[in-house]
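*Asks:* Supplied in structure tokens, the structure appears directly below.
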Amino acid sequence: MKNHQIAQIFRQIANILEIKGENPFRVRAYERAAQKIESIAEDIEIFIKEDRVKGIPGIGKDLEEKIREIVFKGRLQFLEDLKKDIPEGLLDILKIPGIGPKTAKLLYEKLGIRDIVMLERMAHAGRVRELPGMKEKTEENILHGIEIVKRGQDRMDIKTAMDVADLFLAKLKRIKDVKRIDPVGSLRRMKDTVRDIDILVSSEKPKKVMDVFTTLPDVKDISAKGPTKSSVITKDNIQVDVRVIKDSSYGAALMYFTGSKEHNIRLRKEAIKKGLKLNEYGLFKKDRAIAGKTEKEIYRAMGLPYIVPELREDRGEVDLALEGHLPKLVERSDIKGDLHVHSVWSDGGSSIEDVVLKALGLGYEYIAITDHSQGLKIAGGLDKEKLMQKRKEMERLGKKYKDIKILYGTEVDIDSEGNLDYSDTILKDMDIVIGAIHSGFKQSKEKLTRRIVKACQNRHVDIIAHLTGRLWGAREPYEVDLEEILKVSRETSTALEINSFPQRLDLNDIGCRMAKDFGVKLSINTDAHIAEQLDTMKFGVACARRGWLEKKDVINTLPFNKLKTALS
DNA sequence: GCCGTTTTCGGCCCGACTGTTTTCAGTCG
3 MKNHQIAQIF
13 RQIANILEIK
23 GENPFRVRAY
33 ERAAQKIESI
43 AEDIEIFIKE
53 DRVKGIPGIG
63 KDLEEKIREI
73 VFKGRLQFLE
83 DLKKDIPEGL
93 LDILKIPGIG
103 PKTAKLLYEK
113 LGIRDIVMLE
123 RMAHAGRVRE
133 LPGMKEKTEE
143 NILHGIEIVK
153 RGQDRMDIKT
163 AMDVADLFLA
173 KLKRIKDVKR
183 IDPVGSLRRM
193 KDTVRDIDIL
203 VSSEKPKKVM
213 DVFTTLPDVK
223 DISAKGPTKS
233 SVITKDNIQV
243 DVRVIKDSSY
253 GAALMYFTGS
263 KEHNIRLRKE
273 AIKKGLKLNE
283 YGLFKKDRAI
293 AGKTEKEIYR
303 AMGLPYIVPE
313 LREDRGEVDL
323 ALEGHLPKLV
333 ERSDIKGDLH
343 VHSVWSDGGS
353 SIEDVVLKAL
363 GLGYEYIAIT
373 DHSQGLKIAG
383 GLDKEKLMQK
393 RKEMERLGKK
403 YKDIKILYGT
413 EVDIDSEGNL
423 DYSDTILKDM
433 DIVIGAIHSG
443 FKQSKEKLTR
453 RIVKACQNRH
463 VDIIAHLTGR
473 LWGAREPYEV
483 DLEEILKVSR
493 ETSTALEINS
503 FPQRLDLNDI
513 GCRMAKDFGV
523 KLSINTDAHI
533 AEQLDTMKFG
543 VACARRGWLE
553 KKDVINTLPF
563 NKLKTALS
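If you read the first sequence in our numbering, its first letter stands for residue 3, the second for the next number, and so on.
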């Protein structure tokens, strides 16, 4: 999958061109192309093979050439040449909040600053304030920004973000002049990772909201405070922005701040085509507002059905909406059970009974207890004898709790050669078998792919769990040939998991979309290790929705009798 | 660099806040 690599190269080019002061629209063209290619759920090499690169919106003759060069040579001469003009370390400087291309260029040209380390030294020495348009305050802000970058507070997982947002929401809701309030930005779009928390408020007394917000006890620093918009850093070094707007514009502002930026740009262009103007205050015909109070009203006024936040990425949703063909996305309430849960029998913290009770509370029809297999000693994997004991326990609980089917299963380890950690005789007695990789992450893409393919081909394996092994903040995904795996899963009717654990969310949204296009089914599981974690299902569902999945694409939306057939 | 139901040239989304400025450029989302 070269898509990611191409996107990265294009982004680097965009940054360098920006610093060089090139035409901003040329810069945008590279950024747009990067975003587009990254969101394509198909390997770009297939586009080349089938000569369809030109058909990708935002890719013209020149960028097509560059894509071909990257795919065939693994590098791009144009970028290599650009790097001769601008030191690579200068690109890191752009990550510092408050510093953009113009400042980076100034720092480089006037002070010879080539990276963050040099910048920090110069700022400490008071040299930055010598530059035009910069004084002590600017210097201070730069040093402060460097601290933030150093702490590595780049992005957080969605659960962390949601917890912080809930905290602020709860406190701001108490202000009686707050009329409506919502989290917006990538959090509302339920992106798997989030950079900062954005909150939108409607109120007739914006100043009061700003005053309360910036003086909350969780606030450590105020980075900006205006009459309608403020930005703070929490004690956990998370940036929270609050924007206050009049209630009559709330819908427009909700759309605007929810984004994505690309979706907004696309909508504004559609508005222009219709002789309208869309901004954060409303949809306007000449100077008259024709919509703005709710999102639905604005979409309708533009001749579009409502587009849910999870779809707003400019990955084709606007065109589908125009045609009236938006998918009807899977919902949390469609989920009838969780198929990947651990208990105290392996490395979990809850008894099977606690898990069952929690599942009953969620209204599930079935719940699978899938503890680790014998070889995975570190996770308390079960040997043959333990398995028999566990089975007895499950049978006992099955009699006690008649309102829910308790499925006897395992998360069986796929070893470094692709063999399973239990014999077929053991596996054939299981209600459900999940195959997963827990070691050998550093193997080659080919070898990892072969292991998974081999596991899919075992007739007892129903689901492959956390396919790429990524753990946000801890482990990068390992590379697999997703298309090859999708082909085999389709042939063998093996489902792929969407692991709802917030640091995993694996497959991710783009992977889900690709699986759907291949006709592969998915299973949204929590991989819970304590009963409470069954609640993380919402994150997996969000991931599925971002991947355009519908109810029919997800096996654990099936009622038990149909699921049983699907698993057999 | 892309793109075309005004167009193969001349556009390309739009507004708030900061820090420096006396009217605005740069940055951000």
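Backbone N, C-alpha and C define an ideal beta-carbon position, used for all residues, glycine too.
In whole angstroms, give me the CA-to-CA distance for A226 and E206.
*Replies:* So the alpha carbons of these two residues sit roughly 21 Å apart.
*Asks:* What does the Cβ neighbour count give for K447, buried or exposed, with the cut at 16 atoms within 10 Å?
*Replies:* Burial call: exposed.
*Asks:* Taking all protein chains shown into account, decide if P185 is buried (16 or more other Cβ within 10 angstroms of its Cβ) or exposed.
*Replies:* It is buried - the Cβ of P185 has at least 16 other Cβ atoms within 10 Å.
*Asks:* Consult DSSP for I274 and reduce its assignment to one of helix, strand or coil.
*Replies:* Helix at I274.
*Asks:* Inspect the beta-carbon positions of A127 and I21 and report whether they are closer than 8 Å.
*Replies:* Cβ distance not < 8 Å, so A127 and I21 don't count as in contact.
*Asks:* Since K178 is in the beta strand (DSSP E), which residue starts that stretch and which ends it?
*Replies:* From DSSP, K178 is part of no beta strand (DSSP E); its letter is neither H nor E.
*Asks:* What distance in whole Å lies between the Cβ atoms of L81 and N17, which are believed to be in contact at a cut-off of 8 Å?
*Replies:* That pair is no contact at about 11 Å.
*Asks:* Given this structure, state the Cα-to-Cα distance separating D555 from A167, to the nearest angstrom.
*Replies:* Between D555 and A167, the C-alpha separation is close to 31 Å.
*Asks:* Is N460 buried or exposed, if buried means 16 or more other CB atoms sit within 10 Å of its CB?
*Replies:* Answer is buried; the Cβ neighbour count reaches 16.
*Asks:* Could you pull the start and end residues of the beta strand (DSSP E) that E71 belongs to?
*Replies:* Not the beta strand (DSSP E): E71 falls in the alpha helix (DSSP H), residues K63 to K75.
*Asks:* Helix, strand or coil for G339, going by three-state DSSP, please let me know.
*Replies:* The answer is strand: DSSP assigns G339 an E or B state.
*Asks:* Scan the region 279-340 and note each continuous alpha helix (DSSP H) run of 4 residues or more that stays entirely inside, going in chain order.
*Replies:* You should have 297-303 and 319-325.
*Asks:* Nearest by alpha-carbon distance to E315: which of E355, H440, G350 and L189 is it?
*Replies:* Closest by alpha carbon: L189.
*Asks:* Taking the C-alpha atoms as reference points, what is the distance between K392 and S352?
*Replies:* Cα to Cα, the separation comes out at about 14 Å.
*Asks:* Could you give the C-beta distance for F503 and I160, rounded to a whole number, given that I count them as a contact under 8 Å?
*Replies:* Rounded, the Cβ-Cβ distance is 11 Å, inconsistent with contact.
*Asks:* Roughly how many whole angstroms lie between the Cα atoms of V242 and I428?
*Replies:* Roughly 52 Å between the two C-alpha positions.
*Asks:* Is the beta carbon of E413 closer than 8 Å to that of H342?
*Replies:* Yes, Cβ-Cβ distance for H342 and E413 is below 8 Å.
*Asks:* Would you kindly report the start and end of the unbroken beta strand (DSSP E) that includes H344?
*Replies:* It is not in any beta strand (DSSP E) - H344 carries neither H nor E in the DSSP assignment.
*Asks:* What do you reckon, are the CB atoms on I144 and I88 nearer than 8 Å?
*Replies:* No.
*Asks:* Throw me the rounded Cβ distance for the I48 and K4 pair, which I believe falls under 8 Å.
*Replies:* That pair is no contact at about 11 Å.
*Asks:* On the three-state DSSP scale, how would you describe E2?
*Replies:* The displayed coordinates of the chain run from 3 to 570. Any statement about residue 2 would go beyond what the structure contains.
*Asks:* Since M158 and T195 are thought to touch, with beta carbons under 8 Å apart, how far apart are those beta carbons, to the nearest angstrom?
*Replies:* Yes, they are in contact, since the Cβ atoms of M158 and T195 sit about 7 Å apart, within 8 Å.
*Asks:* Going by alpha carbons, who is nearest to D405 out of G363, M120 and G305?
*Replies:* Considering only alpha carbons, the answer is G363.
*Asks:* So what's S251 in DSSP terms, helix, strand or just coil?
*Replies:* Of the three classes helix, strand and coil, the one that applies to S251 here is helix, per DSSP.
*Asks:* What residue does the alpha helix (DSSP H) around Y110 start on, and which one ends it?
*Replies:* Here the alpha helix (DSSP H) through Y110 covers P103 to L113.
*Asks:* Report the residue ranges of all beta strand (DSSP E) runs contained in full by the region 424-456; include only those spanning at least 3 residues, in chain order.
*Replies:* Counting whole runs of 3 or more residues, the region 424-456 contains the beta strand (DSSP E) stretches 434-438.
*Asks:* In whole angstroms, what is the alpha-carbon distance linking R270 and N281?
*Replies:* Each residue's Cα considered, the two are about 8 Å apart.
*Asks:* Let me confirm a value: E319 is counted as buried when at least 16 other C-beta atoms fall within 10 Å, else exposed. Which label applies?
*Replies:* That one is buried.
*Asks:* Leaving out five residues on either side along the sequence, give the residues of the same chain with a beta carbon under 8 Å from the beta carbon of K360.
*Replies:* Excluding residues within five positions, the ones whose Cβ falls inside 8 Å are S352, A533, E534 and L536.
*Asks:* My parser needs the beta strand (DSSP E) runs of 3 or more residues fully inside the region 481-548; what are they?
*Replies:* Entirely contained in the region 481-548, the beta strand (DSSP E) runs reaching 3 residues are, in chain order, 497-501 and 524-527.
*Asks:* If you follow the beta strand (DSSP E) that V203 is in, where does it begin and where does it stop?
*Replies:* Here the beta strand (DSSP E) through V203 covers I199 to S205.
*Asks:* Which stretch, first to last residue, makes up the alpha helix (DSSP H) that contains V214?
*Replies:* Segment P208 to T216, the alpha helix (DSSP H) holding V214.
*Asks:* Just verifying my parser: in three-state terms, what is the DSSP assignment at A127?
*Replies:* If DSSP states are grouped into helix, strand and coil, A127 belongs with coil.
*Asks:* Along the alpha helix (DSSP H) that carries A370, what are the first and last residues, could you check?
*Replies:* Where A370 is concerned, there is no enclosing alpha helix (DSSP H), although the beta strand (DSSP E) it sits in stretches over Y368 to H374.
*Asks:* Following the continuous beta strand (DSSP E) through I8, name the residue where it begins and the one where it ends.
*Replies:* Careful: I8 lies outside any beta strand (DSSP E), inside the alpha helix (DSSP H) at N5 to I21.
*Asks:* Since G382 and S418 are thought to touch, with beta carbons under 8 Å apart, how far apart are those beta carbons, to the nearest angstrom?
*Replies:* No, G382 and S418 are not in contact; Cβ-Cβ is about 21 Å, not under 8 Å.
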